[in-house]
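Heads up, the thing below is written out as structure tokens.
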Amino acid sequence: DPSPVADGPSPVADGSTHTKQRPLTVREHIDVTKSRMRMDPRPIDSSCGCYTCRNFSRAYLHHLFKAKETLGGTLVTIHNVHFMNRLMKAIR
């Protein structure tokens with residue numbers, strides 16, 4: 037299994053389509069479309085300070101993707117870009 041960071045070609049490509057809803061994390065693979073996310077009150081990543089993680093739960097993201105709302109992809113993209121920025125800063 038590839039690492040969560042290597043899941044997609046870019047943080048934007050992973051969050052902006054309804055075919056691959058994978059928020060990037062260091063600790064775990066997250067697929068917000070899975071039924072176990074339906075009632076999960078946690079953010080994508082509790083150590084992340086992005087707008088998405090500060091304001092929205094996995095359950096809400098699950099709802100957005102199941103309803104095919106474009107806001108879901110936007111929120112995951114915001115998280116993924118923030119994640120990649122933090123990762124690049126740590127590497128530097």
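Residue numbering for the sequence shown follows our numbering, beginning at 37 and increasing consecutively. C-beta: ideal position from N, C-alpha, C; glycine also. All values reported here derive from a predicted model rather than from experimental measurement.
Are residue i and residue j touching if we call contact CB-CB under 9 angstroms?
i, j, result
"P79", "T88", "yes"
"R63", "V112", "no"
What distance in whole Å lies between the Cβ atoms of residue j and residue i, which are believed to be in contact at a cut-off of 8 angstroms?
i, j, result
"C84", "H115", "7 angstroms"
The alpha helix (DSSP H) spanning residue i covers which residue range?
i, result
"A103", "Run containing A103: none; DSSP gives neither H nor E here."
"R78", "Looking at the DSSP string, R78 is not in any alpha helix (DSSP H), and its letter there is neither H nor E."
"T69", "Careful: T69 lies outside any alpha helix (DSSP H) and carries neither H nor E."
"T88", "Y87 to N91"
Identify, in the order they occur along the chain, each residue of the same chain with its Cβ nearer than 7 angstroms to the Cβ of residue i, setting aside the five sequence neighbours on each side.
i, result
"C86", "I114, H115 and H118"
"D76", "S93, R94 and A95"
"K125", "none"
What does a CB cutoff of less than 6 angstroms around residue i pick up in its chain, not counting 5 residues either side in sequence?
i, result
"T106", "none"
"M73", "R94 and H98"
For residue i, which residues of its own chain have a beta-carbon under 8 angstroms away from its beta-carbon, when the five flanking residues on both sides are left out?
i, result
"K102", "T69"
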